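Residue numbers (my numbering): 915 to 1222. C-beta atoms are modelled at their ideal positions from N, C-alpha and C, and glycine is treated no differently. Computed from a predicted structure; not experimentally measured.
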Amino acid sequence: MFKAANDNWKTPLGYYEKAIEELRRSREELQEIKGNNLHNIESTIANFQTDIKELKSEIQTMQERLANTEETAIEAQMTLAKTQKASLAAQTELQALKEIMTDEQKSNYKILEELGEIKKQISQLPSHSLETDSQISILKSLSDVQLHLFQLAAELTLVSHTSGIDYRKLQELLAQQKWQDADKETYSTMLKICEREVEGFLDDGEIKKFPRHDLYIINKLWLQYSEARFGFSVQQRIWQVKKDCKRFAYKVGWLASLANNEWIKYEEYTFSLDAPKGHFPSISRLVGLDSRNLREVEHRVKIFLSRY
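Below, the structure is given as structure tokens:
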């Protein structure tokens, strides 16, 4: 293209050429600015899209957490309601038991007081009113009656007003430290109460409705004669710490190994006070717990121990 000399730019042609050159330069600058701006806009949009994607992901995560939290809250409310219901039932049963025992004790105390008063009156009678041998005989008879009543009062606490079961045989076995016989007696008695002798174990329904008063008597006897090493309450405390069926069974000595689920045969239990705490009563047999169906019945252990 023809370029005007220094003096020619003032001519019409020079003005024209100069205008074209400035127009071309302006167009190039505009294209450059447009390219830079377009690149910045595309980069900004890409960043926005990434941020939006991350925000959507966070929102989805928060929604899932919220759903899980709501589900957990509902389960917690249901569990709390069940616990409150069970607690109320236990308190009602305990109050009824206290009233029954209180009435029995009042009656026994009244009889014993009357006998004591009779003995006192007889001992204060003038010596000439009764022959000495006769007086001694009467006092001895009253003493025997009083002793018998003391024994009867103690035995009354071993007869369940709920099931009618007499636990004196279990008491005798425990007093003689016949641990295996006492455990078998406990096992057979509890099956008898629920009429599950044929099945040989208690299912969920029987466990949930098993009389608390009988649990109380059995536990009290095991605690009393084992130096507080055996009993449902001992097992319940261990369960509260472990809260895992396998670890619980291993702690009380029913499971030989945690690694391979090696269950100890009942004949090989430690039938002495050297056994681990909570070794007896063997509720492992009572709820059908063994190496073959651990997952199926492990919840029964939790149900059983929650009853005490």
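Taking the CB atoms as reference points, tell me whether His1125 and Ser1074 lie closer together than 8 Å. The residue you call residue 1125 lines up with position 211 of the sequence shown. The residue you call residue 1074 lines up with position 160 of the sequence shown. For clarity, residue 1125 is Pro in the given sequence; the question names His instead. Yes, the pair counts as a contact, with Cβ atoms nearer than the cut-off.
Would you identify the three-state DSSP class for Glu1176, choosing helix, strand or coil? In the sequence shown, the residue the question calls residue 1176 occupies position 262. Glu1176 falls in the strand class under three-state DSSP.
Residue from Gln1090, Glu931 and His1127 whose Cα sits closest to the Cα of Ile1107: Mapped onto the sequence shown, residue 1107 falls at position 193. Comparing Cα-Cα distances from Ile1107 to each of Gln1090, Glu931 and His1127, the minimum goes to His1127.
Reduced DSSP category for Ile1169 - H, G, I as helix; E, B as strand; rest coil: Within the sequence shown, the letter at position 255 stands for residue 1169. What sits at residue 1169 in the sequence shown is Leu, not Ile. DSSP places Leu1169 in strand when its eight states are reduced to three.
Taking all protein chains shown into account, decide if Val1228 is buried (16 or more other Cβ within 10 angstroms of its Cβ) or exposed. The shown model of the chain, from 915 to 1222, leaves out residue 1228, and the question about it has no answer.
CA-to-CA distance, Leu994 to Lys967, given in whole angstroms: Within the sequence shown, numbered from 1, the residue matching residue 967 stands at position 53. Within the sequence shown, numbered from 1, the residue matching residue 994 stands at position 80. Cα-Cα distance, rounded: 40 Å.
Would you kindly report the start and end of the unbroken alpha helix (DSSP H) that includes Leu1087? Along the sequence shown, one-based indexing puts residue 1087 at 173. Its alpha helix (DSSP H) spans residues Arg1082 to Ala1089.
Start and end of the alpha helix (DSSP H) containing Arg1126? As a first step, residue 1126 is located in the sequence shown; it is residue number 212 there, counting from the start. Looking at the DSSP string, the run of the alpha helix (DSSP H) that includes Arg1126 is Arg1126 to Tyr1139.
Please report the Cβ distance between Ile1152 and Lys1165, rounded to the nearest whole angstrom; I am assuming they are in contact, meaning their Cβ atoms lie under 8 Å. Walking along the sequence shown from the start, residue 1152 turns up at place 238. Walking along the sequence shown from the start, residue 1165 turns up at place 251. Contact flag correct, Cβ pair sits at about 6 Å.
Any idea which residues DSSP pairs Val1073 with across the strands? Within the sequence shown, numbered from 1, the residue matching residue 1073 stands at position 159. Answer by DSSP bridge pairing, in chain order: Asp1080.
For Ser940, count neighbouring C-beta atoms within 10 Å of its own C-beta (all shown protein chains included) and say buried if the count is 16 or more, exposed if not. As a working mapping, residue 940 is identified with position 26 in the sequence shown. By the 10 Å Cβ count, Ser940 comes out exposed.
Is DSSP giving Cys1159 helix, strand or coil here? Here residue 1159 refers to the residue found at position 245 when the sequence shown is read from its first residue. Note: Cys1159 maps to helix in three-state DSSP.
Does Ile1152 come within less than 8 Å of chain B when only Cβ atoms are used? The structure shown has no chain B; it contains just one protein chain.
Using the three-state DSSP reduction, which class does Glu1113 fall into: helix, strand or coil? Within the sequence shown, numbered from 1, the residue matching residue 1113 stands at position 199. Glu1113 falls in the coil class under three-state DSSP.
Identify, in the order they occur along the chain, each residue of the same chain with its Cβ nearer than 8 Å to the Cβ of Thr1184, setting aside the five sequence neighbours on each side. As a position in the sequence shown, residue 1184 is number 270, starting the count at 1. Excluding residues within five positions, the ones whose Cβ falls inside 8 Å are Gly1167, Pro1190 and His1193.
Rounded to whole angstroms, what's the CA-CA distance from Val1211 to Gln1090? Just pull it up for me. Within the sequence shown, residue 1211 is the residue found at index 297, counting from 1. Within the sequence shown, residue 1090 is the residue found at index 176, counting from 1. Taking the straight line from one Cα to the other gives about 33 Å.
For Glu1111, which residues from the same chain have a beta carbon less than 8 Å from its beta carbon, with the 5 sequence-adjacent residues on both sides left out? One-based indexing of the sequence shown puts residue 1111 at position 197. Counting only Cβ-Cβ distances below 8 Å, and skipping sequence neighbours, we find Ser1102 and Leu1105.
In its own chain, which residues sit with a C-beta less than 6 Å from the C-beta of Ala1163, not counting the 5 before and 5 after it? Locating residue 1163 in the sequence shown gives position 249, where the first residue counts as 1. Leu1169, listed in sequence order.
Closest Cα partner of Thr1100 within the set Val1148, Thr1071 and Arg1199: In the sequence shown, the residue the question calls residue 1100 occupies position 186. The shortest C-alpha separation from Thr1100 is found at Arg1199.
Mind checking whether Arg1143 and Leu1187 have CB atoms under 8 Å apart? Position 229 of the sequence shown, counted from the start, is the residue given in the question as residue 1143. Position 273 of the sequence shown, counted from the start, is the residue given in the question as residue 1187. Yes. Within cutoff.
Close-in-space but distant-in-sequence residues of the same chain around Tyr1222 (CB under 7 Å, 5 per side omitted): Along the sequence shown, read from residue 1 onward, the residue named residue 1222 stands at position 308. Same-chain partners within the cutoff: Leu1129, Asn1133, Phe1146, Ser1147 and Gln1150.
Lys1092 (DSSP reduced to helix, strand or coil): The residue labelled residue 1092 in the question sits at position 178 within the sequence shown. Three-state result, Lys1092: coil.
I need the boundaries of the alpha helix (DSSP H) containing Glu1182, first residue and last residue. In the sequence shown, counting from the first residue as 1, residue 1182 sits at position 268. Taken as a continuous stretch (DSSP letters only), Glu1182 belongs to no alpha helix (DSSP H), as it is neither H nor E.
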